[in-house]
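In my numbering, the protein residues as written are 450 to 526. Ideal placement from N, C-alpha and C gives every residue a C-beta, glycine not left out.
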Amino acid sequence: MTNKTTSILNTELVTGHCPECNLDTILVGLQHCYYRCTNCGEDIEQKVNGVIKYMIVDKNTKIKLRNLDDTNGQEER
Numbered sequence: 450m451t452n453k454t455t456s457i458l459n460t461e462l463v464t465g466h467c468p469e470c471n472l473d474t475i476l477v478g479l480q481h482c483y484y485r486c487t488n489c490g491e492d493i494e495q496k497v498n499g500v501i502k503y504m505i506v507d508k509n510t511k512i513k514l515r516n517l518d519d520t521n522g523q524e525e526r
């Protein structure tokens with residue numbers, strides 16, 4: 450008897466501007482906030498901060514958390 454595992458992949462299609470190929474294109478949502486350009490295949494991350502921007506994500510991408518203490522959400526300079 451074989452044990453089969455079924456997984457469900459939920460994807461999302463959106464239109465956006467790819468920063469890698471610099472074209473307006475269809476982006477396929479892979480995970481929450483991560484998309485793949487259907488034109489060039491680049492994986493990009495959606496950042497939301499008043500304006501939606503897509504940033505290139507690769508093995509060199511570093512994610513850093515801000516230190517939120519008593520600075521009221523402002524980064525120290």
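- Task: Take the Cβ of Ile493 as the centre, count every other Cβ of all protein chains shown within 10 Å, and call the residue buried at 16 or more, exposed below.
- Result: Answer is buried; the Cβ neighbour count reaches 16.
- Task: With a threshold of 16 other CB atoms inside 10 Å of the CB of Cys467, please say whether the residue is buried or exposed.
- Result: Buried, because 16 or more other Cβ atoms sit within 10 Å of the Cβ of Cys467.
- Item | Own chain residues within Cβ distance below 8 Å of Leu476, not counting five before or after | Result list for Leu476: Leu462, Val463, Thr464, Gly465, Cys467, Tyr484, Arg485, Cys486, Thr487, Ile493, Tyr503, in chain order.
- DSSP three-state call for Val506: helix, strand or coil? It is coil, neither helix nor strand.
- Going by Cα to Cα distance, which pick from Asn459, Gln480, Gly478, Gly490 is closest to Asn471? Of the listed residues, the one whose Cα sits closest to Asn471 is Gly490.
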